[in-house]
Amino acid sequence: MSAVTEFVVELVRAANEVEKLGSFERRRLFERAVTTIRDMRETIGIPSLQAMPTRS
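Taking this note's numbering, I'd label the letters of the sequence shown as residues 13 to 68.
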């Protein structure tokens with residue numbers, strides 16, 4: 013399994029059992045989700061929000 017697939021499986025399992033997760037585990041899972049999504053966006057060439065021009 014790829015790292016992305018493994019992460020998605022873990023995320024779905026955690027979502028199905030969120031009431032069993034402690035606050036640290038929920039926070040860590042959320043941080044991993046943000047990091048994984050950011051890495052995937054960079055890989056396929058979607059610019060980060062910081063790199064995008066602001067609208068006026």
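Yeah, the Cβ is synthetic: ideal placement off N, Cα and C, and Gly gets one too.
Assigned with DSSP and collapsed to three states, Leu33 falls in coil, not helix or strand.
The Cβ atoms of Ser60 and Arg50 lie closer than 9 angstroms to each other.
Looking at the backbone, the Cα of Arg53 and that of Val46 are separated by about 11 angstroms.
Sequence-distant Cβ neighbours of Thr48 in its own chain, meaning closer than 6 angstroms and more than five residues away, are Phe19. Under the DSSP assignment, Leu23 falls in the alpha helix (DSSP H) whose first and last residues are Ala15 to Asn28.
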